[in-house]
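To keep things clear, I will list the structure first and then write my remarks on it.
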Amino acid sequence: MYQGSCLCGAVVYQLHGEPRRVSHCHCRMCQKQHGAAFATYLSLPAAELHYTQGADAISRYQSSANVTRGFCRHCGSTLEWRASNEPNGYVALTVATLDTPIQFAQIPHICTESKSSWCPC
Ligand SMILES: [Zn+2]
Ligand SMILES: [Zn+2]
């Protein structure tokens with residue numbers, strides 16, 4: 001089981017399953033929301049994500065018609081990405097907020113057409 005939390009510690013979550021997918025996303029929305037060159041998300045079925053603390057501290061911004069991005073309203077940590085039309089009912093979580101060590105064999109880079117000129121990768 002994996003556990004993660006936001007910067008201020010108000011939100012704590014557990015993943016009751018292995019990540020099914022992971023990616024470094026270079027889209028403009030991820031760049032803007034994260035204030036970074038790219039965002040790294042893992043995804044798994046939403047039923048395997050459990051907020052054990054601070055679920056009510058999560059604010060959700062609707063970044064496009066079917067997508068909401070959840071973040072801690074106290075500290076601003078980006079936490080989740082959900083698409084209402086996601087066919088498998090998956091939710092994406094920010095890998096950087098995990099507190100449990102995790103390893104991935106390979107992480108694909110996606111949306112690289114908007115990769116920033118100053119990206120280190
Ligand atoms: Zn927080
Ligand atoms: Zn993105």
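The C-terminal position of the sequence shown is numbered 121 in my numbering, with every residue numbered one higher than the one before it.
Note that CB positions come from ideal geometry on N, CA and C, so glycine has one too.
DSSP three-state call for residue i: helix, strand or coil?
i: residue 55; result: helix
i: residue 14; result: strand
i: residue 30; result: helix
Do the CB positions of residue i and residue j come within less than 9 Å of each other?
i: residue 112; j: residue 39; result: no
i: residue 66; j: residue 77; result: no
i: residue 46; j: residue 69; result: no
i: residue 49; j: residue 18; result: no
What I want to know is whether the C-beta of residue i ends up closer than 8 Å to one or more non-hydrogen atoms of ligand 2.
i: residue 1; result: no
Where does residue i land, buried or exposed, given buried means 16+ other C-beta within 10 angstroms?
i: residue 104; result: exposed
i: residue 30; result: buried
i: residue 55; result: exposed
i: residue 25; result: buried
i: residue 4; result: buried
i: residue 72; result: buried
If I'm right that residue i touches residue j with Cβ under 8 Å, what's the distance once you round it to whole angstroms?
i: residue 6; j: residue 79; result: 6 Å
i: residue 12; j: residue 42; result: Rounded, the Cβ-Cβ distance is 17 Å, inconsistent with contact.
i: residue 37; j: residue 120; result: 7 Å
Taking only heavy atoms of ligand 1 into account, decide whether any of them is closer than 8 Å to the Cβ of residue i.
i: residue 7; result: yes
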